[in-house]
Amino acid sequence: MSELLDRLVRDFGVTEITERSPAITTLKVSREHGECLIRELRDREGFTHLNFIACTDWIEDGIFRLIYMLHNYASRQNLGVHIDIERDNAEMTSIHTLWAQAWTYQRELREMYGINFPGSPRLEENFCLEGWDDMPPMRRDFDTVKYSTERFGHREGRVSLEPRDHMKVLLYPNRGGDES
Amino acid sequence: MTLTTGHSAALDFAQPEPVDLSSGKYVKLWQGPQHPGITGNMSLELTLEGDTIIECKTHVGYLHRGFEKLMEQRSFIQNFTVVCRIAVPEPAFNEYLYAAALEAISGIESPVRAQWIRTLNLEMMRLASFLMWIGGQGGAFGQYTVANWTLTYRDYVLDLFEEMTGARIYHMYMVPGGVRAGLPAGFEKRILELMDNTDKLLDQIERVMYDNVVFKARAKGLGVIAPELVDPYGVVGPNARASGFQRDLRKDEPYLVYDQLDFNVITGSDGDAYERAYLRLQETRQSVKLIRQIIAGTPADGPFQANMPNMLHWKVPAGETYVKAECTRGEYGYYMVTDGTEIVRRVHVRGPSYTHAIALMERLAIGTNIADIAGLMVSLHTYPPEIER
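Residue numbers (the working numbering), protein chains in the order written: chain A, -10 to 169; chain B, 193 to 581.
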């Protein structure tokens, strides 16, 4: 594994290599080198299984972090490839030609985060949300309570509780939720 | 046959060209979301030429409840009421993986006894889920008698879950650091009795369903997953094993106490609906054997919960992990990112249905007779909530 990582640093400018557990390593690569690196890992290094593509919204840094989790069945290693992209006009190279299910993930990321993957099939089709006209809902700045209030209004008898405060009331009923 | 890779760079993933519906040659038909032959609330948009499907599009979203978004707004312990709902027939895998991800990032190790009980819980879940699936597959080909038998036995397993955890479906039993309680008095005797009866049931099912000429005629040759499709389409679990791939996370990357259990990875070769069905029957029998082994190996005494911090103020250190387990349909995984606060930063749930029900289903459906689409869909064993999360 270390030989492979050394080569990836040399050839693709990989940074931030972190061993999360003996079987899982994550690394970071630039957006420009991302697709080439993933293709290389699939075709030459035996990482033939795409576990998933996911995104984490680091709104405070103004970036989306894409995670491509790849698996090598022979060495039983998992490699998580991190690619940071700008939150504004977010766009990433499509990998739909590498795995058949990749376009499904990309369609979901388009809908849930607003990330564009030029050339990815059926990108504009709804994934889960039909007729959605608001901000992509998995973005951190999407306010679920505000959306719900505006969209569905107040209904008599409906009560909203802050989950953690409510839990304290349940745990300490005799003290009105005061845990001290 | 044991294959090491199913990858082919030359495979064509291009979407089919849209057909001219105004030509009068084709019929558009929706299978689902409300249909007895559908696996949960999802739908297939089918284009037919005569009785033959020439295009299929999977539509999901009917069960989208925003689980992953909800998890970003609740404390770590509160998310147990959320995660178990992500795969209704198999909530235990969600509980286990969510707890395991938190433990991996926090450096918490659950006691030995808890690991044995967790393994027991997961194998009971596998048994219950396979029993439900056998009934579903039988029903899709008109064999409703078998469905009644298997659902009855699934309920017997749920009775045991109720004894063990206090709940039948959503147990919320495997929590960070271990499990909520040990096994109740007399549990071992009752579960072993049920396993003896389940063995007899499975023999009957094999004779009635698997030896049935109609079932064989309809399932053999249906929905063949060629080995070269396996890696490019992310096929895992029994769907991959029925095509000859010796892959099982319980063996390949053992977790809990699976490395102390005696079992082999079962594989097939034909890769069609019948092969998948027969493989699942064998794995159901294997699960019964594993439950007996686990009961024999579970320590009678000892802690079932590690020392844990106050759950109301539990700040999990910043970190990232991906944990996975072999559920009845293959690799089930939880990817988790934490940022050192009392709330998880990101959880991504990787369910096998994501690939099996969309990319793979859309490919296998082409050329299938409309009468067999329900049987094909059930043969892939998919659950929509884990697609939508």
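All C-beta atoms, glycine included, are put in the ideal place defined by N, C-alpha and C.
Bounding residues of the alpha helix (DSSP H) (the contiguous stretch that carries residue i)
i                      : result
residue 336 of chain B : 336 to 357
residue 308 of chain B : 304 to 332
residue 238 of chain B : Run containing residue 238 of chain B: none in the alpha helix (DSSP H); it sits in the beta strand (DSSP E), 235 to 241.
residue 485 of chain B : 465 to 489
residue 155 of chain A : 152 to 160
residue 138 of chain A : 133 to 141
residue 412 of chain B : Residue 412 of chain B -> no alpha helix (DSSP H), and no H or E assigned at all.
residue 5 of chain A   : Per DSSP, residue 5 of chain A belongs to no alpha helix (DSSP H); it is in the beta strand (DSSP E), 4 to 10.
residue 440 of chain B : Run containing residue 440 of chain B: none; DSSP gives neither H nor E here.
residue 276 of chain B : Taken as a continuous stretch (DSSP letters only), residue 276 of chain B belongs to no alpha helix (DSSP H), as it is neither H nor E.
residue 390 of chain B : 379 to 397
residue 364 of chain B : Unbroken run through residue 364 of chain B: none, as it is neither H nor E.
residue 34 of chain A  : Note, residue 34 of chain A: premise wrong, no alpha helix (DSSP H); not H, not E.
residue 498 of chain B : First-last for residue 498 of chain B: undefined, no H or E at that position.
residue 570 of chain B : 565 to 571
residue 431 of chain B : 429 to 433
residue 0 of chain A   : -9 to 1
residue 263 of chain B : 259 to 263
residue 578 of chain B : 577 to 580
Status (buried if at least 16 other CB within 10 Å, exposed otherwise) for residue i
i                      : result
residue 516 of chain B : buried
residue 10 of chain A  : exposed
residue 154 of chain A : exposed
residue 519 of chain B : buried
residue 554 of chain B : buried
residue 92 of chain A  : buried
residue 199 of chain B : Low confidence applies here, because residue 199 of chain B scores a pLDDT of 42, under 50, leaving its location unreliable and the question unanswered by this model.
residue 242 of chain B : exposed
residue 251 of chain B : buried
residue 141 of chain A : exposed
residue 326 of chain B : buried
residue 202 of chain B : Since pLDDT at residue 202 of chain B reaches only 45, below the 50 mark, its modelled position is unreliable, and the value read off the structure follows with that caveat. Residue 202 of chain B comes out exposed.
residue 194 of chain B : At residue 194 of chain B the pLDDT is 38, less than 50, meaning the model places this residue with poor confidence and gives no usable figure here.
residue 480 of chain B : buried
residue 48 of chain A  : exposed
residue 210 of chain B : exposed
residue 405 of chain B : exposed
residue 143 of chain A : exposed
residue 25 of chain A  : exposed
residue 429 of chain B : buried
residue 196 of chain B : Legend: pLDDT at residue 196 of chain B = 40, less than 50; position of this residue unreliable, value from coordinates given subsequently. Flag for residue 196 of chain B reads exposed.
residue 63 of chain A  : exposed
residue 247 of chain B : buried
residue 351 of chain B : exposed
residue 564 of chain B : buried
residue 133 of chain A : exposed
residue 494 of chain B : exposed
Host beta strand (DSSP E) of residue i (start-end)
i                      : result
residue 251 of chain B : 244 to 251
residue 217 of chain B : Unbroken run through residue 217 of chain B: none, as it is neither H nor E.
residue 300 of chain B : It is not in any beta strand (DSSP E) - residue 300 of chain B carries neither H nor E in the DSSP assignment.
residue 170 of chain A : Past the boundaries of the shown model lies residue 170 of chain A; chain A is included only from -10 to 169, so the question cannot be answered.
Option nearest residue i by Cα separation, candidates the options
i                      : options                    : result
residue 487 of chain B : B:428, B:417, B:387, B:477 : B:387
residue 491 of chain B : B:544, B:345, B:546, B:304 : B:304
residue 0 of chain A   : A:57, A:8, A:30            : A:30
residue 109 of chain A : A:137, A:99, A:85, A:61    : A:85
residue 504 of chain B : B:480, B:535, B:498        : B:535
residue 542 of chain B : B:552, B:522, B:406        : B:522
residue 308 of chain B : B:451, B:462, B:560        : B:451
residue 170 of chain A : B:424, B:482, B:500        : Residue 170 of chain A is absent from the structure shown; chain A starts at -10 and stops at 169.
residue 223 of chain B : B:400, B:569, B:578        : B:569
residue 414 of chain B : B:258, B:254, B:560, B:213 : B:560
residue 514 of chain B : A:53, A:46, A:-8, A:58     : A:58
residue 433 of chain B : B:372, B:469, B:255        : B:469
residue 579 of chain B : B:564, B:562, B:549, B:571 : B:549
residue 358 of chain B : B:374, B:343, B:369, B:370 : B:374
residue 15 of chain A  : A:72, A:107, A:117         : A:72
residue 121 of chain A : A:130, A:136, A:107, A:70  : A:136
residue 299 of chain B : B:458, B:364, B:498        : B:498
residue 276 of chain B : B:268, B:285, B:269        : B:285
Please name the residues in the region 46 to 68 of chain A whose beta-carbon is closer than 9 Å to at least one beta-carbon of chain B, in chain order. Against chain B - using a Cβ distance shorter than 9 Å - the residues of the region 46 to 68 of chain A are 46, 47, 54, 56, 58, 60, 62, 63, 65, 67.
Quick one, which residues of the region 97 to 111 of chain A are near chain B if we go by CB-CB under 7 Å, in chain order? 110, 111
If you scan the region 36 to 123 of chain A from start to end, which runs of the beta strand (DSSP E) of 3 or more residues do you find wholly inside it? Counting only runs of 3 or more, we get 38 to 47, 52 to 61, 66 to 75.
Contiguous alpha helix (DSSP H) assignments of at least 4 residues, all confined to the region 506 to 556 of chain B: 553 to 556
If the cut-off is 7 Å on Cβ atoms, which residues from the region 140 to 152 of chain A count as contacting chain B, listed in chain order? 152
Residues of the region 261 to 273 of chain B whose Cβ lies closer than 9 Å to any Cβ of chain A, in chain order: Using a CB distance below 9 Å, the part of the region 261 to 273 of chain B facing chain A consists of 261, 262, 264, 265, 266, 267, 269, 270, ordered along the chain.
Below 9 Å between beta carbons is the criterion; list the residues of the region 116 to 127 of chain A that meet it against any residue of chain B, in chain order. 116, 117, 118, 119, 126, 127
Taking a cut of 7 Å between CB atoms, which residues from the region 18 to 42 of chain A lie near chain B? 32, 37, 38, 39, 40, 41
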